[in-house]
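Taking it in order: structure first as structure tokens, then the write-up.
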Amino acid sequence: MNDGLRTDIFLRYSPEIIACACIYLSARELQIPLPENPPWYTIFGADEESINSICVRILHLYTHKTVSKKQLF
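What follows is the structure in structure tokens.
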């Protein structure tokens, strides 16, 4: 969630939806299944599209190449 501060997700989404995205990413990483019927995130008023959008924005942070000072000058 801390890495999300480098994006605009905190301006676009409610804290509950951001928390659902973090839970989803964590569960995927740890290979923990989440309830599907009904979808677990509906309890928090979240929808799949918003969760996916947040996940993409956060994961995109890790695909950027770092730039060294040598490359800047």
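Heads up: the sequence shown begins at -19 in our numbering, then just goes up one per residue.
Glycine included, each C-beta is placed from N, C-alpha and C at the ideal position.
Return the first residue and the last residue of the alpha helix (DSSP H) that F(-10) is part of. -11 to -8
If you count every other CB in all the chains shown that lies within 10 Å of the CB of Y(-7), and 16 or more means buried, which is it? buried
Tell me whether A1 sits in a helix, a strand or coil according to DSSP, three-state version. helix
Report yes if the CB atom of L5 is closer than 9 Å to the CB atom of L41, and no otherwise. no
Using CA coordinates, which residue listed in A1, L14, F(-10) is at the minimum distance from A26? A1
Within 10 angstroms of the Cβ of I(-3), are there 16 or more other Cβ atoms? Answer buried if so, exposed if not. buried
Between the alpha carbons of I12 and P19, how many angstroms are there, rounded? 15 Å
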